[in-house]
Amino acid sequence: MIACREILKKLLSISVLVGVIQSPALATEITPDVALARLKAGNKRYVQGKSAQLRIDALRRAETAQNGQKPIATVLGCSDARVPVELIFDQGFADVFVIRVAGNVCGTAELASAEYGCKYLNTPLLVVLGHSSCGAVDGAVSGGQLRGSIPQLIEMIQPAVDKARKEHGKASKEVLLNAAIQENVFNTMSCLLKKGPGLAALVKEGKLKVVGAVRNLHSGEITWLGTHPQQDKFIR
Ligand SMILES: [Zn+2]
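Using our numbering, the first residue of the sequence shown is number 498, and each one after it goes up by one.
Below is the structure:
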């Protein structure tokens, strides 16, 4: 029994070492494509019910508290409780710098947070993450009386809805909503690149990739939208 415990202890210490060696390491050491591949692989594990969840334990907590955060990606996603970013990408503590706001819009605070993640924490990847059945985008599609500060949020989403309506005017509500969700992701991407000259410069230097994505609430899968179709115009 004692021998078994010793073997177990040794195995644990080896796995800890391996975990440290295989950790995302310094964000500056990985390319945008490697970071993207890690998120894609993480989502695949999550969808298949094979999440590793190894990097949320006390050891990882202590490691990150002492050594700081070195995330591999910055993700700007929606506040919707069904889209917990770290879980859907199967990432642990300090692996992803997450910005969440209803409708994944791009206001001053979101832009500044994205700049912090990409410029100061050196994440080589910035993902704008929308999701199906987004209530904030649905609010803009449906219209109606909204109170408090919510109309100001809806205003930020409205251009995406207007464009979707122009292109899919006679389509069903579902098609219109999905088109608006995708367009809203692209609008946030263009806002980040146009209003964040530091981000555009990083993209131009090849140090940063900005990609869009939409998560399906039913399957959990991510549809990757790639870079903004007009990115070249924004980074000149
Ligand atoms: Zn949402």
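Note that CB positions come from ideal geometry on N, CA and C, so glycine has one too.
Computed from a predicted structure; not experimentally measured.
In the same chain as Ile-732, and ignoring 5 residues on each side of it, the C-beta atoms closer than 7 Å to its own belong to Leu-690, Ala-697, Val-700, Lys-701, in chain order. Under the three-state reduction of DSSP, Ile-569 is assigned to coil, being neither helix nor strand. Around the C-beta of Gln-679, 16 or more other C-beta atoms lie within 10 Å, and the residue is accordingly described as buried. Taking 3 residues as the minimum length, the beta strand (DSSP E) runs contained wholly in the segment 587-666 are 593-597, 622-628, in order along the chain. In the structure shown, the three-state DSSP call for Gly-709 is strand. Around Val-602, the same chain offers Leu-650, Met-653, Ile-654, Thr-685 as residues with beta carbons nearer than 7 Å, after the five sequence neighbours per side are excluded. Annotation: the continuous alpha helix (DSSP H) that includes Leu-690 extends over 670-692.
Separation of Gly-614 and Val-672 (C-alpha to C-alpha, rounded to the nearest whole angstrom) is 33 Å.
By the CB criterion at 8 Å, Gly-589 and Leu-551 fall inside the cutoff. In the three-state reduction of the DSSP assignment, Gly-574 falls in the strand class, which pools E and B.
Secondary structure of Ile-719 (DSSP, three-state): strand.
The C-beta distance from Asn-564 to Glu-718 rounds to 33 Å, too long to fall under 8 Å, and the pair is not in contact. A straight-line Cα-Cα distance of about 12 Å links Glu-607 and Phe-594.
Cβ-Cβ distances below 6 Å link Val-572 to Val-582, Val-593, Val-595, Val-624, Leu-626 in the same chain, with the five nearest sequence neighbours on each side left out; the list follows chain order. No residue range can be given for Leu-551, since it is assigned to no alpha helix (DSSP H) and is classified by DSSP as neither H nor E. For Ala-676, the shortest C-beta to heavy atom distance toward ligand 1 is 7 Å or greater. Counting other Cβ atoms within 10 Å of its Cβ, Ala-555 stays below 16 and is therefore classed as exposed. According to the DSSP assignment, Gln-545 belongs to no alpha helix (DSSP H), since it is labelled neither H nor E.
Straight through space, the alpha carbons of Asp-729 and Lys-660 are spaced by roughly 21 Å.
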